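Residue 58 in the UniProt record's numbering is what sits at position 58 of the sequence shown, and the numbering runs on without skipping anything.
Note that CB positions come from ideal geometry on N, CA and C, so glycine has one too.
Note that the coordinates shown come from a computational prediction; the quantities given were computed from them, not determined experimentally.
Here is the structure we will look at.
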Amino acid sequence: MSFQAQLDNRSPFAAELLPMPDGEGGERVLIVARASFAFALDGTLELAEEPEPVRMADAFTGAPGLSSTAAEHDLALFKPRCDLLVNAEAHAPYGQPATEVEVEVRVGSLLQKRAVVRGDRRWVDDRPSEAAPFVTLPVTWERAFGGSVGTGEDLVAELRNPVGVGFRGARSADEEVPTLLPNVEAPGEGLSAPHRASSSSTPTPVGFGPVGRGWQPRLPLAGTYDESWKQRRWPLRPRDYDPRWEQAAPEDQQLDDYPAGERVQLSNLSPGGIWIFNLPHVDLPAYLLYDEIGDLRGARRCERVALRVDTVEIDGPARTLGLVARASVAVERGRPPLRDVVLGHPTPGWLRAKRFGKCYLDRGGHGGTDPKRPCFWL
Numbered sequence: 001m002s003f004q005a006q007l008d009n010r011s012p013f014a015a016e017l018l019p020m021p022d023g024e025g026g027e028r029v030l031i032v033a034r035a036s037f038a039f040a041l042d043g044t045l046e047l048a049e050e051p052e053p054v055r056m057a058d059a060f061t062g063a064p065g066l067s068s069t070a071a072e073h074d075l076a077l078f079k080p081r082c083d084l085l086v087n088a089e090a091h092a093p094y095g096q097p098a099t100e101v102e103v104e105v106r107v108g109s110l111l112q113k114r115a116v117v118r119g120d121r122r123w124v125d126d127r128p129s130e131a132a133p134f135v136t137l138p139v140t141w142e143r144a145f146g147g148s149v150g151t152g153e154d155l156v157a158e159l160r161n162p163v164g165v166g167f168r169g170a171r172s173a174d175e176e177v178p179t180l181l182p183n184v185e186a187p188g189e190g191l192s193a194p195h196r197a198s199s200s201s202t203p204t205p206v207g208f209g210p211v212g213r214g215w216q217p218r219l220p221l222a223g224t225y226d227e228s229w230k231q232r233r234w235p236l237r238p239r240d241y242d243p244r245w246e247q248a249a250p251e252d253q254q255l256d257d258y259p260a261g262e263r264v265q266l267s268n269l270s271p272g273g274i275w276i277f278n279l280p281h282v283d284l285p286a287y288l289l290y291d292e293i294g295d296l297r298g299a300r301r302c303e304r305v306a307l308r309v310d311t312v313e314i315d316g317p318a319r320t321l322g323l324v325a326r327a328s329v330a331v332e333r334g335r336p337p338l339r340d341v342v343l344g345h346p347t348p349g350w351l352r353a354k355r356f357g358k359c360y361l362d363r364g365g366h367g368g369t370d371p372k373r374p375c376f377w378l
């Protein structure tokens, strides 16, 4: 793929401009931005002093393939919905040891999710022991119901969470997790007896972080990679590929769209007990300039696209908020190429000069960026 476009990032966010295959034999240009915010001591939200760059690869909590996903890359061309992801620890109220704590994530009236977090337990005569008191406990997939038992052809796994604990007596994939029963459970779905192949019911794994790409119910959305695909479609993606495969959040943490300005409340997922904030508003356009005359006056063709926020990442221990916004445009074969992408809000005068290939006189001292049009507001 020949690609020579330059990114002029006038936003306060990290951003990348990347050529990508579209899975159907064509090419697209991905414009992706990552906004990084931090919570001050008084709880107010502000731009992070050290913004996180656009993520180029998945990160894992342990060995790749043998642990849960800590964070996914930002290179998806499109997400149909908006992911809400939470990296969190359960905190006992008032910092006093507790054996059981209910935690909750709420986004206005759009999303409400609860889980029960219990201290470490073991089996005593096939019954759960009393939970050990705790003050802080990580809320991870390794501590939720699931797991894998056996090896090789005898391997059996809870496909919704193969790194968890309790499935047919499985130990957690995290060797530092001592409990024999899940710490994190859905309300009313706790194990009352050891889970076996003959068990009549199986609890629902509960987590707030990314669902593995190869886990259920996400995996089938990737499509069918069989012999027919090898013979007729490779290297293109399968015809039954579903773009929902790009959604990393559990299904009950996916929103129809980014809820700008909506109130977020986390309960018992921070030392203070209740953590409340409002999601920022984001206005992030990109101006695409082509090597092609776009009007009778001789100006270069210019198109405007709006980046859409489709990922919200809340990190409780780090006290940070990350937003990912993206847009993609098709590479038009046989037409003059895309040369410049301007991200943010340039002034009309600067953009006009850029289109006509003329110098811009910066009388305002803002470098051609419009100070009256912020890319975000709180």
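- With respect to Glu72, Ala249 sits apart: the two C-beta atoms are not nearer than 7 Å.
- Contact between the region 168 to 175 and the region 222 to 239 is absent, with fewer than three C-beta pairs closer than 8 Å.
- Using a Cβ distance threshold of 7 Å, Glu292 and Arg301 count as a contacting pair.
- In the three-state DSSP reduction, Ala14 falls in the strand class (E or B).
- Look at Gln247 here: in three-state DSSP terms it is coil, with no helix or strand label.
- Ala48 has no beta-bridge partner at all, per DSSP.
- By the neighbour-count definition (other C-beta atoms within 10 Å, threshold 16), Asp240 is an exposed residue.
- Counting along the chain, no alpha helix (DSSP H) covers Phe208, and no H or E run does either.
- Judged by their CB atoms, Gly212 and Asn87 are not nearer to each other than the 7 Å cut-off.
- For the pair Arg319 and Ala299, the Cα-to-Cα distance works out to about 46 Å.
- Note on the region 64 to 122: whole beta strand (DSSP E) runs with a minimum of 3 residues are 69 to 71, 82 to 91, 100 to 107 and 111 to 118, in chain order.
- Less than 7 Å divides the Cβ of Gly316 from the Cβ of Leu269.
- Trp350 sits buried, since 16 or more C-beta atoms from the chains shown fall within 10 Å of its C-beta.
- Among the bridge pairs identified by DSSP, Val331 is matched with none.
- Going by C-alpha positions, Val342 is about 7 Å away from Arg10.
- A Cβ-Cβ distance of about 16 Å is found for the pair Leu221 and Asp252, leaving them out of contact under the 8 Å criterion.
- DSSP, reduced to helix, strand and coil, places Ala38 within a strand of the structure shown.
- Going by DSSP, Arg218 is part of no alpha helix (DSSP H) at all; its letter is neither H nor E.
- Secondary structure of Ala144 (DSSP, three-state): strand.
- Excluding five sequence positions before and after Phe277, the CB atoms of its chain that fall closer than 8 Å to its own CB belong to Phe39, Gly43, Leu45, Arg263, Val264 and Leu321, given in chain order.
- Collapsing the DSSP output to three states places Pro182 in coil.
- Going by DSSP, Ser267 is part of no alpha helix (DSSP H) but of the beta strand (DSSP E) stretching over Arg263 to Ser267.
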